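A quick write-up on the structure given underneath.
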Amino acid sequence: MRKFLLLTGGVIAACVALALIGPLAGLLFSGLFVALGMHFYMASKSNFGKIFWFAVGLIGILSAVSNIPAMIGLAAIAIVYVIYKKWNGEEVKIPTIEGKKEEDPFTNFEKEWSNLTK
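Put into structure tokens, the structure is as follows:
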């Protein structure tokens with residue numbers, strides 16, 4: 000029964016992801032505009048160039064935010080990935096960003112201070 004539910008959920012999520020290929024391509028181009036705008040904004044020397052590339056990046060951000068069907072498509076792709084991992088019996092690990100938690104808040108400061116005073 001568990002395999003049947005995984006198969007059914009995977010097929011439904013894959014159909015949703017395939018149906019939303021067009022919006023996903025639009026989201027890809029929006030991300031491309033944002034990346035181009037950021038890259039050339041930083042490289043630009045003139046004020047006109049900075050304004051132009053800022054506008055290109057802003058257009059990319061606005062089109063990415065307004066592309067809600069692509070967000071649903073990304074969620075469907077994530078669901079297909081999780082179902083695939085569960086089908087193979089692998090553990091699904093969601094990556095998180097966690098720093099080392101230390102007991103003493105001054106430990107890092109003391110390490111840096113000792114490096115500076117060497």
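Using numbering that gives the first Met the number 0, the letters of the sequence shown map in sequence onto residues 0 to 117.
Note that beta-carbon positions come from the ideal geometry of N, C-alpha and C, so glycine has one too.
Model, not experiment: these values are computed from the prediction.
Can you tell me the Cα-Cα spacing of residue i and residue j, whole angstroms?
i	j	result
N107	L115	12 Å
M41	L17	36 Å
F163	I96	With the chain represented from 0 up to 117, any question about residue 163 goes unanswered, as that position is not in the structure.
F53	H38	10 Å
I11	K2	14 Å
S43	F28	22 Å
W112	K84	46 Å
F51	L57	10 Å
T120	M0	The requested residue 120 is not part of the displayed model; the chain covers only 0 to 117.
E90	A77	15 Å
M70	K92	21 Å
Please tell me whether residue i and residue j are closer than 9 Å, where the distance is taken between their beta carbons.
i	j	result
V79	A13	yes
A75	L19	yes
V33	G59	yes
W86	G9	yes
S62	G88	no
Does residue i have its Cβ less than 9 Å from a Cβ in chain D?
i	result
E97	Given the protein chain composition of this structure (a single chain), no chain D is represented.
Report the option in the options whose CA atom is closest to the CA atom of residue i.
i	options	result
P68	E111, G21, L57	G21
G36	E90, F28, V55	V55
S65	F51, E90, L23	L23
Which runs of the alpha helix (DSSP H) fall wholly inside the segment 12–100 and span at least 4 residues, in chain order? 20–42, 46–64, 67–86
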